[in-house]
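This report refers to the structure that appears directly beneath it.
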Amino acid sequence: MNSTPRSGNGEPSQVQLAKHLGASVVTTVSAGNAEFVRELGADEVIDYRTDDFVARLAGNPVDLVLDTQGGDTTTKSLRVLRPGGTVIGIAGTPDPHLADQAGAGKLVKLALAALSLPLRRRARKLGVSYRFLFIHPAGQALRTIAGLVDQGVLRPVVDRVLPFDETREALKQVLAGGTRGKVVVTTRPDR
Ligand SMILES: NC(=O)c1ccc[n+]([C@@H]2O[C@H](COP(=O)([O-])OP(=O)(O)OC[C@H]3O[C@@H](n4cnc5c(N)ncnc54)[C@H](OP(=O)(O)O)[C@@H]3O)[C@@H](O)[C@H]2O)c1
Numbered sequence: 054m055n056s057t058p059r060s061g062n063g064e065p066s067q068v069q070l071a072k073h074l075g076a077s078v079v080t081t082v083s084a085g086n087a088e089f090v091r092e093l094g095a096d097e098v099i100d101y102r103t104d105d106f107v108a109r110l111a112g113n114p115v116d117l118v119l120d121t122q123g124g125d126t127t128t129k130s131l132r133v134l135r136p137g138g139t140v141i142g143i144a145g146t147p148d149p150h151l152a153d154q155a156g157a158g159k160l161v162k163l164a165l166a167a168l169s170l171p172l173r174r175r176a177r178k179l180g181v182s183y184r185f186l187f188i189h190p191a192g193q194a195l196r197t198i199a200g201l202v203d204q205g206v207l208r209p210v211v212d213r214v215l216p217f218d219e220t221r222e223a224l225k226q227v228l229a230g231g232t233r234g235k236v237v238v239t240t241r242p243d244r
């Protein structure tokens, strides 16, 4: 990363981690969350409901987009990158690397290659790249993150805490969107 990589949206931990790594962060949120992400460290905030982020970033391309939306947002994100930049998506089109990560066979890899071909082709034409990231818990990474929380570098943002028997409700809330930070399910609601 150089001095101006940008985070793609207002997911609280992404904004804080990107700032910690020295990035200049541009982020998309709805108006009600603008002040919140500024407090977390975002340098520039774009309301995706009223503003076109491609137009806003024209002439000021970024190094990295973290895309949690997929679809049209991914395609548009390719156009805000400087040459050599990367869009990392977690909700859109999986690419063949996912097959390697998941230990899947050649057939799955071929299928993912075909599925992501239009997007990868578009990226190549623009001189940028697209990667799908499948997040999986890794002990060392989690220890590093826990350390950053202990040092006060990262502030965990918890929207609400629900008891284990309300897991279905918790999932519903996450899927409905609009939560600010994490929805936590606990087996110890008394704590
Ligand atoms: N690949 C993996 O391993 C993995 C792991 C975890 C999650 N996921 C997937 O990743 C997705 C992320 O969901 P999330 O709950 O973190 O995010 P989200 O609720 O969809 O939104 C994240 C941020 O993006 C903003 N946003 C919403 N719609 C937007 C749009 N059209 N254009 C630009 N910005 C927009 C939101 O602003 P507002 O809140 O102000 O609207 C919020 O700041 C889910 O689909 C989930 O299934 C994938």
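First residue of the sequence shown? That's 54 in the numbering used here, and the numbers climb one at a time after it. We treat Cβ as the ideally placed atom computed from N, Cα and C, and that holds for glycine.
Assign residue i to one of three DSSP states: helix, strand, or coil.
i, result
"glutamate 64", "coil"
"isoleucine 188", "coil"
"arginine 173", "helix"
"arginine 208", "coil"
"leucine 117", "strand"
"threonine 126", "helix"
"leucine 215", "strand"
"leucine 134", "strand"
"aspartate 105", "coil"
"valine 78", "coil"
"isoleucine 143", "coil"
"threonine 239", "strand"
"valine 98", "strand"
So, using beta-carbon positions, are residue i and residue j closer together than 8 Å?
i, j, result
"threonine 252", "aspartate 120", "The chain is shown from 54 up to 244; residue 252 falls before or after that span and cannot be answered."
"valine 181", "glycine 138", "yes"
"valine 211", "glycine 234", "yes"
"proline 114", "leucine 134", "yes"
"valine 82", "aspartate 104", "no"
"arginine 91", "valine 98", "yes"
"valine 236", "arginine 208", "no"
"leucine 151", "leucine 165", "yes"
"alanine 183", "alanine 176", "The amino acid at residue 183 is misidentified as alanine; the sequence shows tyrosine. In contact: tyrosine 183 and alanine 176 (Cβ atoms closer than 8 Å)."
"isoleucine 143", "isoleucine 188", "yes"
"arginine 132", "leucine 179", "yes"
Could you check if residue i is buried or exposed, using at least 16 other CB atoms within 10 Å of its CB as the buried criterion?
i, result
"glutamate 64", "buried"
"glutamine 69", "buried"
"glycine 85", "exposed"
"alanine 223", "buried"
"glutamine 204", "exposed"
"phenylalanine 217", "exposed"
"glutamine 26", "Any question about residue 26 goes unanswered here, given that the chain covers just 54 to 244."
"valine 227", "exposed"
"glycine 158", "exposed"
"proline 58", "With a pLDDT of 46 at proline 58, under the threshold of 50, the predicted position of this residue should be treated as unreliable, and no value is reported."
"alanine 95", "buried"
"leucine 170", "exposed"
"methionine 54", "No answer about methionine 54 holds up, because its pLDDT of 30 lies below 50 and its placement is not dependable."
"leucine 163", "exposed"
"glycine 156", "exposed"
"serine 60", "Here the model assigns serine 60 a pLDDT of 46, short of 50, so the residue's position is not dependable and the matter cannot be decided."
"leucine 160", "exposed"
What do you reckon, is the C-beta of residue i under 7 Å from a heavy atom of ligand 3?
i, result
"isoleucine 188", "No copy of ligand 3 appears in this structure; the ligands present are ligand 1."
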